[in-house]
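Enquirer:
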Amino acid sequence: GWDKAAREPWRMAAAVLAKLGREEEIARRFAGQFGSGMIARILDNPRLSGTTTAMGRYFDAASALLGLCPVQHDEATAAMRLEAIAEGCTPRRLSALHRIEPDGTLDLLPLMEMLCGADTNDAAACAQASADFHEALAAALADWAGSVADTSVPLCLAGGCFLNRRLTERLLALLAERGIRALLPRQTPPGDGGVALGQAWCAALAAREGALSGGDRIQFDEKN
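Every number in our numbering is 109 more than the matching position in the sequence shown, counting from 1.
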């Protein structure tokens, strides 16, 4: 779990399979990975496994389900391979592969189940599945944003997944169709690399507004 799941995308794929009720596929799909025979029991115990809402973990799971990157030694390798294999491939017209729950939660399990049917030994099939994944994910995010966004103000997009050009360009187009103007970071990275700057800005703003007290010690220069 936790950081190990990020380093070993097959674990995220295993979690998806378990969530879909396909636990029996885990050991077969990831026979070469240590622990694949017991991970279903670990996933069944909430004390031994956590829950994530990070979009990057969906990319990891998708990449592993397609056999592209079960283990990664550099950050985002799985996601980059997933994007790369879709190059030049046109996505199919598919019905919605997501659900928006009554509480506003975006459920992407239908999308992940679509990937489970791809033949991992067929490069063309994997390329098509990846193209469909990007298209369906962009549609899901656009629908989700459209269900809550105020079109009178811009929508800020942030997160490492927006380094993925295919996803970003398609999402921007779909948001525009809904009358939503989206903003993207240009001078700083959209992912973790830009988090510290945002945290510093929020802290400085809080200090200026007098919202910090107690043990917090932040110097704010009004000239900057």
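Ideal Cβ positions, reconstructed from N, Cα and C, are used throughout, including at glycine.
None of these values were measured; they are calculated from a predicted model.
Indicate whether P219 and D169 have their beta-carbon atoms separated by less than 8 angstroms.
Expert: Contact: no.
Enquirer: I believe A195 touches A248 by the beta-carbon criterion, under 8 angstroms. Please report the beta-carbon distance rounded to the nearest angstrom.
Expert: Between A248 and A195 the Cβ distance is about 15 angstroms, and since that is not below 8 angstroms, they are no contact.
Enquirer: Thinking just about the alpha-carbon of each residue, which of R137, I148 and M164 is nearest to the one in L217?
Expert: It is M164.
Enquirer: Please name the residue, chosen from A234, R290 and E286, that lies closest to D259 on a Cα-to-Cα basis.
Expert: The option with the nearest alpha carbon to D259 is R290.
Enquirer: Would you report the Cα separation of L152 and A136, rounded to the nearest angstrom?
Expert: Cα to Cα, L152 sits roughly 13 angstroms from A136.
Enquirer: Check C265 in the structure and name its three-state DSSP category.
Expert: If DSSP states are grouped into helix, strand and coil, C265 belongs with the strands.
Enquirer: Which parts of the region 212-283 are runs of the alpha helix (DSSP H), unbroken and 4 residues or longer, counting only runs that do not cross its ends?
Expert: 218-225 and 232-257, all fully within the region 212-283.
Enquirer: When the Cβ atoms of the region 284-299 are set against those of the region 188-207, are three or more pairs found closer than 8 angstroms?
Expert: The region 284-299 is not in contact with the region 188-207.
Enquirer: Does R116 come out as helix, strand or coil in the three-state DSSP assignment?
Expert: Of the three classes helix, strand and coil, the one that applies to R116 here is helix, per DSSP.
Enquirer: Less than 8 angstroms between C-beta atoms, sequence neighbours within five positions excluded: which residues of the same chain meet that for G141?
Expert: Cβ neighbours of G141 beyond the five flanking positions: P179.
Enquirer: For the candidate residues R279, R317 and G302, whose alpha-carbon lies nearest to that of F242?
Expert: The candidate whose alpha carbon is nearest that of F242 is R279.
Enquirer: Verify whether the separation of the beta carbon atoms of A238 and L224 is less than 8 angstroms.
Expert: Yes. Within cutoff.
Enquirer: Run through DSSP, which three-state label would I148 get?
Expert: Three-state DSSP puts I148 in a helix.
Enquirer: So A234 and A245 are supposed to be a Cβ contact under 8 angstroms. How far apart are they, rounded?
Expert: Contact flag wrong, Cβ pair sits at about 16 angstroms.
Enquirer: In angstroms, rounded to a whole number, what distance separates the CA positions of I209 and L215?
Expert: Spanning the two alpha carbons is a distance of roughly 5 angstroms.
Enquirer: Under 8 angstroms between the Cβ atoms of G269 and G300?
Expert: Going by C-beta atoms, G269 is nearer than 8 angstroms to G300.
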